[in-house]
Amino acid sequence: MTGMLAVYRRHTASCPHAGQGRAWLKCKCPLWADGILDGREMRRSLKTRNLQRAYADAERLEGGKVNPAKPIADVLKEWLATMAERAPETRKKYKRVAALLGDFCRARGVTVADQIGIEDIDAYPRWRECAAITLRKELETIKAIMAWAMERGW
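Following my numbering, the numbering of the sequence shown begins with 4 at its first residue and continues without gaps.
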């Protein structure tokens, strides 16, 4: 019998969000798993601060099937394929942003989708010098791409 593990942050003493409780995930404190596993109570460190990796590790511990990491180039190609029915101008914009994201990932040494972290997305504006409105729209599209990939477990 397998149970359900909850992933939570174990806040450090210096964390400004320590008062928010363990459910507050918007910081970089270590991630832990807590719950019932094989009929026994379990609480252990997941030895990561990356939330996506922590969820994958918890699922692995539960014996669930985890989708393997997918190369970022394949993710972008498949995402663009799902946009085939959009207006030509929209497809053109998405293709441009996907190409920029691919270039950015190569420049940072990111090869698979699950390696992209919030630090990488925070670095994108420094890498891409353009008008603020353009940058904001590109980040919206990148967020959509990443959400689409996360839904598929990549």
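Virtual Cβ for every residue (Gly too), placed ideally from N, Cα, C.
Owing to the predicted nature of the structure, the values given are computational and were not obtained by experimental measurement.
Asked	Found
Burial state of Glu154, where buried means 16 or more other Cβ atoms lie within 10 Å	exposed
CA nearest to the CA of Lys140, picked from Arg89, Tyr97, Glu65	Tyr97
Spatially closest choice to Arg43 from His20, Ala57, Leu64, by CA coordinates	Leu64
Cβ-Cβ distance between Ala57 and Arg47 below 8 Å	no
Rounded straight-line distance, which links the Cα of Leu138 to that of Arg93	The question names Arg, yet the displayed sequence has Thr at residue 93. So the two alpha carbons sit approximately 16 Å from each other.
Reduced DSSP secondary structure (H/G/I, E/B, other) of Arg131	coil
Status (buried if at least 16 other CB within 10 Å, exposed otherwise) for Ala150	exposed
Proximity test, Asp60 beta-carbon vs the ligand ATP heavy atom, cut-off 7 Å	Within the structure as shown, the ligand ATP is missing, as the structure has no ligands at all.
Ile119 - containing alpha helix (DSSP H), residue span	Run containing Ile119: none; DSSP gives neither H nor E here.
Cβ shell of Gly24 (< 8 Å), same chain only, five flanking positions each side left out	none
Inter-stretch contact at 8 Å, needing at least 3 Cβ pairs: the segment 108-116 / the segment 74-84	yes
Leu28 vs Arg52 beta-carbon contact at 8 Å	no
Among Glu122, Met86, Val115, nearest to Thr144 - alpha-carbon criterion	Met86
Cutoff 8 Å; reference Leu54; Cβ partners in own chain excluding five residues on either side	Val10, Leu28, Leu34
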